[in-house]
Amino acid sequence: MKDRLSAEAASRRAASGSASKRAQAASARGASDSAKSRQGFTLVEVMIALLIFALLAGAGALVLGQSIDNRFAVKANADRVAALQRTRALLRADLAQATARRVRGPTGRPAPQAIMGPQRPGDPLLMLARSGWSNPDGAPRASVQRVEYRLVEDRLERRVAPYLDGTRAGPPQVLYRGVRDARVAFIQNGSEAPAFSASSDRPLPDAVRVTLTLDGFGPVEQLFLVAAA
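Shown next, in the form of structure tokens:
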């Protein structure tokens with residue numbers, strides 16, 4: 120009996136010691152966790168966070184830059200299309216009101232044709248006389264005006280002479296920038312030629328084909344009917 124009581128006492132002491140050790144271990148772990156929480160982030164964690172932030176910021180800046188570039192590209196294309204449409208509208212209006220009137224240049228010499236393309240270097244791309252020049256103030260001038268289209272460097276320009284004969288064309292109106300090449304062809308009775316030969320019964324061609332080689336678009340062909348057609 121005495122031995123049994125001694126054994127139970129020893130067992131209780133062992134259990135108490137084990138529980139005490141577990142409590143001490145738990146207390147040590149808690150203290151360690153508390154110390155870690157007070158220490159904050161490690162250097163590696165901070166570096167990783169900064170790297171992620173830098174990657175996100177770089178991606179955002181790249182997307183923003185591409186958006187701005189795309190916006191400018193879209194605007195530039197829209198401006199080119201608008202300029203091409205204005206050029207087409209002016210050519211259509213001029214050729215739709217072309218007349219058979221032969222004009223005289225600054226030298227007083229009459230033009231060989233009522234409508235002409237370039238005969239030699241330095242000549243206008245297209246020259247004609249057109250009617251329909253409005254005169255709301257009743258100025259002492261005709262309702263017909265001389266119109267020239269010229270390719271100057273990479274610019275397509277339109278010039279208008281204040282009088283039909285003996286005057287130089289006025290200041291240029293720049294219609295389009297970025298023209299690499301410009302050509303005209305005259306269509307008469309189904310045949311197309313770079314020069315037009317007038318006759319007594321047909322002083323004007325049936326149509327005029329204008330081909331412009333433009334930066335960003337390449338060759339652009341436009342066909343215009345002439346008034347007398």
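Residue numbers (the numbering used here): 120 to 348.
Don't be surprised by glycine CBs; every beta carbon is placed ideally from N, CA and C.
Rounded to whole angstroms, the Cβ separation of V345 and A180 is 56 Å, and the two are not in contact under 8 Å. DSSP places G179 within a helical segment (H, G or I) once states are collapsed to three. Judged by DSSP secondary structure, L294 falls within the beta strand (DSSP E) whose first and last residues are 292-296.
In this structure, R328 is the residue among P281, L175, R328 with its C-alpha nearest to the C-alpha of A304. T330 has R302, E340 as its beta-bridge partners, per DSSP. In the structure shown, R211 adopts helical secondary structure according to DSSP, grouped into three states.
L270 carries a strand assignment under DSSP once its states are collapsed to helix, strand and coil. If you draw a 10 Å sphere on the C-beta of M166, you find fewer than 16 other C-beta atoms in it, and that means exposed. Using a Cβ distance threshold of 9 Å, V298 and L283 do not count as a contacting pair.
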